[in-house]
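Numbered according to the numbering used here, the sequence shown spans residues 1 to 137.
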Amino acid sequence: MEGGTFHDFFYQTFGNQPYPYQELVATEVLQDKNVVLVAPTGAGKTWAALAPFLYSKQIGKPIADRVIYALPVRALASSLHRSTKELVEKKFGLKVTLQMGNQPSDPFFQGDIVFTTIDQLLSAYIGLAYGTSSSSS
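Shown next as structure tokens:
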């Protein structure tokens, strides 16, 4: 797929045409611009976020060494991890991990795509276990 368009990549990877907003997100992200995306549940936000990363890896021009996908609740992190892991690992050979307090499978965020919760990301960043009181740190 070297040199193919993002549109073709998306179709070959996911089996459907990208929504116009997914192509716009990819265009902006691949040009190293920041994007804030607001869309309803089930509209394809996860693939809008991950597809530019996967495409950039596929064409040999990676935009990042990994994606850390931080979500507000564990259930959502688990669900997105489950729904993306098989496809990404099978088609791209990348490691998709889940890091949560009750399921610490990637405490150093070393996966290619890491699903986590916001509290886990922040606690890893500051170097304190989530829930540690200030008197014990």
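All C-beta atoms, glycine included, are put in the ideal place defined by N, C-alpha and C.
* Within 10 angstroms of the Cβ of I118, are there 16 or more other Cβ atoms? Answer buried if so, exposed if not. => exposed
* Which same chain residues, not among the five before or five after Y64, have their C-beta less than 7 Å away from its C-beta? -> Here residue 64 is Ala; the residue named in the question, Tyr, does not match the sequence. The residues are F53.
* Asked: Which first and last residues belong to the beta strand (DSSP E) in which Y69 is found?
  -> 67–71
* Counting along the chain, where does the alpha helix (DSSP H) carrying L122 start and finish? -> 118–126
* Are there three or more Cβ pairs, one per stretch, closer than 8 Å when the stretch 73–84 is compared with the stretch 29–42? -> no
* Pairwise C-alpha distance: L128 and Y21 -> 38 Å
* Chain-order list of residues whose beta-carbon lies under 6 Å from that of D106 (same chain, five-residue window excluded) -> T97, Q99, V114
* For K95 and K57, the rounded distance between their alpha carbons -> 13 Å
* **Under the three-state DSSP convention, the category V25 falls into** => helix
* To do: Could you tell me the distance, in whole angstroms, from the CA atom of E23 to the CA atom of S78?
  => 26 Å
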